[in-house]
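Note that our numbering has the first sequence beginning at 6, numbered continuously upward. Below: the structure, in structure tokens.
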Amino acid sequence: MANNEELFKKIIAHAKEYGFIFPSSEIYDGLSAVYDYGQYGCELKNNIKQYWWKAMVNLHENIVGIDSAIFMHPTIWKASGHVDAFNDPLIDNKDSKKRYRADVLVEDYLQKIEDKINKEVEKAAKRFANFDEQLFRQTNPRVLEHQKKYDEVHSRFAACMEKSDWAGLKALIEELEIACPISGTRNWTDVRQFNLMFATQMGSVAEGTDTIYLRPETAQGIFVNYLNVQKTGRMKVPFGIAQIGKAFRNEIVARQFIFRMKEFEQMEMQFFVRPGEELKWFDYWKNERIRWHESLGMEASCYRFHDHEKLAHYANAATDIEFDFPFGFKELEGVHSRTDFDLKAHQQYSGKKLQYFDPETNESYVPYVIETSIGVDRMFLAVFSHAYREETLPDNSVRTVLRIPPILAPVKVAVLPLVKKDGLPEKAREILRPLQYQFNCQYDEKDAIGRRYRRQDAIGTPYCITVDNQTLEDNTVTLRDRDSMQQERISIPEIELRLNQLLKCNL
RNA sequence: GCGAAAGUAGUUCAGUGGUAGAACGACGGCUUCCCAAGCCGUAGGUCGCGGGUUCGACCCCCGUCUUUCGCUCCA
Numbered sequence: 006m007a008n009n010e011e012l013f014k015k016i017i018a019h020a021k022e023y024g025f026i027f028p029s030s031e032i033y034d035g036l037s038a039v040y041d042y043g044q045y046g047c048e049l050k051n052n053i054k055q056y057w058w059k060a061m062v063n064l065h066e067n068i069v070g071i072d073s074a075i076f077m078h079p080t081i082w083k084a085s086g087h088v089d090a091f092n093d094p095l096i097d098n099k100d101s102k103k104r105y106r107a108d109v110l111v112e113d114y115l116q117k118i119e120d121k122i123n124k125e126v127e128k129a130a131k132r133f134a135n136f137d138e139q140l141f142r143q144t145n146p147r148v149l150e151h152q153k154k155y156d157e158v159h160s161r162f163a164a165c166m167e168k169s170d171w172a173g174l175k176a177l178i179e180e181l182e183i184a185c186p187i188s189g190t191r192n193w194t195d196v197r198q199f200n201l202m203f204a205t206q207m208g209s210v211a212e213g214t215d216t217i218y219l220r221p222e223t224a225q226g227i228f229v230n231y232l233n234v235q236k237t238g239r240m241k242v243p244f245g246i247a248q249i250g251k252a253f254r255n256e257i258v259a260r261q262f263i264f265r266m267k268e269f270e271q272m273e274m275q276f277f278v279r280p281g282e283e284l285k286w287f288d289y290w291k292n293e294r295i296r297w298h299e300s301l302g303m304e305a306s307c308y309r310f311h312d313h314e315k316l317a318h319y320a321n322a323a324t325d326i327e328f329d330f331p332f333g334f335k336e337l338e339g340v341h342s343r344t345d346f347d348l349k350a351h352q353q354y355s356g357k358k359l360q361y362f363d364p365e366t367n368e369s370y371v372p373y374v375i376e377t378s379i380g381v382d383r384m385f386l387a388v389f390s391h392a393y394r395e396e397t398l399p400d401n402s403v404r405t406v407l408r409i410p411p412i413l414a415p416v417k418v419a420v421l422p423l424v425k426k427d428g429l430p431e432k433a434r435e436i437l438r439p440l441q442y443q444f445n446c447q448y449d450e451k452d453a454i455g456r457r458y459r460r461q462d463a464i465g466t467p468y469c470i471t472v473d474n475q476t477l478e479d480n481t482v483t484l485r486d487r488d489s490m491q492q493e494r495i496s497i498p499e500i501e502l503r504l505n506q507l508l509k510c511n512l
């Protein structure tokens, strides 16, 4: 464990040292949980996005991509449940240092009262034959007392939640003498609200509100456009809409580098299917997505499925694809069967029909949705942390190498004159020029050749072309493989073809 | 948000109440026909920030900010 922690620190340091990821606003002391992608990080990230887009959009005739705005009508977040579900009031116990959701504390209290009532009912049911439960509930004095208490607390609780009256909620918790299950004390902090969504102001929105939220997920931009796309693209169910875009979440605690950030990027695809067929398609996408991951050539043991036991209110099946990060298996991608929850909700809130007419069955329905949702930054971290190696070579020296899948590597090929004289630099630049149109290339003539190879290893460049004296005689160069460090000699006209073979997509 | 540790060159770290150091890295040059070799040279720091004690603070004291580690949610 301690070893993995050390390794993770090295990975973070390497990411900064070699221009992949910088802490945001560093010269102003930084901005926590926000990171910037540097010159190589940006390339790697773009390559990841492109690899996903090609797999999802280009290789599926029935999937198209969109790019919806980050700003959306505020009611969208009411319909999606984000406004209500993610404004948790939190409270800390000062003695145990434990944090609780204040509303859950009260709900648990209410649950206890309910349990007491049920116990009374059970006891009575055992005692009397011909037991009339309804009558008992309406007349038994102890039940009535509990019920009165319950109603009283519940109505006050509901009022506090409705008005976001956190002082009132705290007063209620103190009055009910709710204690921390761990410390057993009632030494509470004030109730504070943590909003998942970032709010900002927009000049002229419909009366009453001018608060706009930065989207906490890209999915809703797809749902509210589903009919636009279906109609204008002449899409037939089943079909999918893909999107890559930024999303924003105000995390209480953001940790683990780019794993959990306040500003992050998602690659989502919502697949619209006929009701009743959702589980079939859920399985299809589960397989399809793991196949995508495995096509990158990282070991299958890096991934595992984690099926959700407890499902969110909108889902009827859900699984995570987890990746073996340096800090353990964590969620990388989610595949969810979201039923018709979102579209139904938008239909209700917007008052617009969001039905699809199915010409095959000759009926209209609100489609069910299978969602695949992967974090770009998490994918980046998966690729980057898996790629990072410190290898001990036969001569006992150590080389640091990024074994990034070649198709994702920021720089594909470096062209290097063996020495900086004898016309080799000129020859190397001659070779470089035509390659630059097709591949992201580097040219380097500084320092000894070994050092230059190591520099390329450190940024994950899969191939190095070296120009030597023999090149001047017979127009051949050496092609060095990053992982094996082996070289082969090929002729200059072959280079482009060979690189294209090596960088071929496995999808 | 709470508790613990840290903050000195690009990086890793020394350092002492009296003018700021090393290694690696970067840059320029010499050498070198294949894996961080060698030699010469150059640049780079208000010692996180603010205040206090002192003749004098990188060092002692206070505050503040940031980062890292432990506690609840998620892509």
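Beta carbons: idealized from backbone N, C-alpha and C, even for Gly.
Straight-line CA distance for residue i to residue j?
i, j, result
"I16", "V388", "11 Å"
"R503", "S306", "30 Å"
"A176", "E182", "10 Å"
"I436", "V424", "15 Å"
"L507", "I53", "18 Å"
"S342", "V374", "6 Å"
"I497", "Q206", "59 Å"
"G465", "I263", "19 Å"
"P364", "N511", "36 Å"
"G455", "T324", "46 Å"
"P410", "E314", "34 Å"
"A247", "E268", "20 Å"
"A129", "F141", "8 Å"
"D170", "P28", "37 Å"
"R106", "E112", "10 Å"
"Y114", "W57", "47 Å"
"H351", "A204", "21 Å"
Looking at the secondary structure, which residues open and close the beta strand (DSSP E) in which residue i lies?
i, result
"Q248", "F244 to F253"
"K335", "G333 to T344"
"V406", "V403 to L407"
"G70", "I68 to I71"
"D41", "Y40 to Y42"
"D462", "Looking at the DSSP string, D462 is not in any beta strand (DSSP E); the run it does join, the alpha helix (DSSP H), is I454 to I464."
Give the DSSP bridge partners of residue i, in chain order.
i, result
"H298", "DSSP lists no partner for H298."
"M266", "In the DSSP output, where bridge partners are listed per residue, M266 has none listed."
"A419", "Q447 and C469"
"S496", "T481"
"F76", "L219"
"E395", "T405"
What are the boundary residues of the alpha helix (DSSP H) that residue i is part of?
i, result
"A60", "Looking at the DSSP string, A60 is not in any alpha helix (DSSP H), and its letter there is neither H nor E."
"Q443", "From DSSP, Q443 is part of no alpha helix (DSSP H); its letter is neither H nor E."
"P372", "No alpha helix (DSSP H) contains P372, which DSSP labels as neither H nor E."
"C165", "P146 to K168"
"F310", "Here F310 belongs to no alpha helix (DSSP H); instead the beta strand (DSSP E) covers Y308 to D312."
"G226", "A224 to F228"
"V424", "Counting along the chain, V424 falls outside any alpha helix (DSSP H), and DSSP gives it neither H nor E."
"A129", "A107 to R132"
"I326", "That residue, I326, is in no alpha helix (DSSP H); its beta strand (DSSP E) goes A322 to F330."
"I178", "W171 to E180"
If we count the other Cβ atoms within 10 Å of its Cβ and call it buried at 16 or more, is residue i buried or exposed?
i, result
"G333", "exposed"
"D462", "buried"
"G339", "buried"
"L429", "buried"
"G35", "exposed"
"E10", "exposed"
"E376", "buried"
"A163", "exposed"
"Q447", "buried"
"S369", "exposed"
"A7", "With a pLDDT of only 48 at A7, under the threshold of 50, the placement of this residue in the model should not be trusted, and no figure is reported."
"E493", "exposed"
"S85", "buried"
Taking contact to mean 3 or more Cβ pairs, one atom from each stretch, closer than 8 Å, check whether the region 246-256 and the region 65-81 are in contact. Yes, the region 246-256 touches the region 65-81.
Counting pairs of beta carbons, one from the region 16-34 and one from the region 388-399, are three or more of them closer than 8 Å? Counting Cβ pairs under 8 Å, three or more are found: they touch.
Any contact between the region 349-367 and the region 225-243? By contact I mean 3 or more CB pairs, one from each, below 8 Å. Because the criterion of three Cβ pairs below 8 Å is met, the region 349-367 and the region 225-243 touch.
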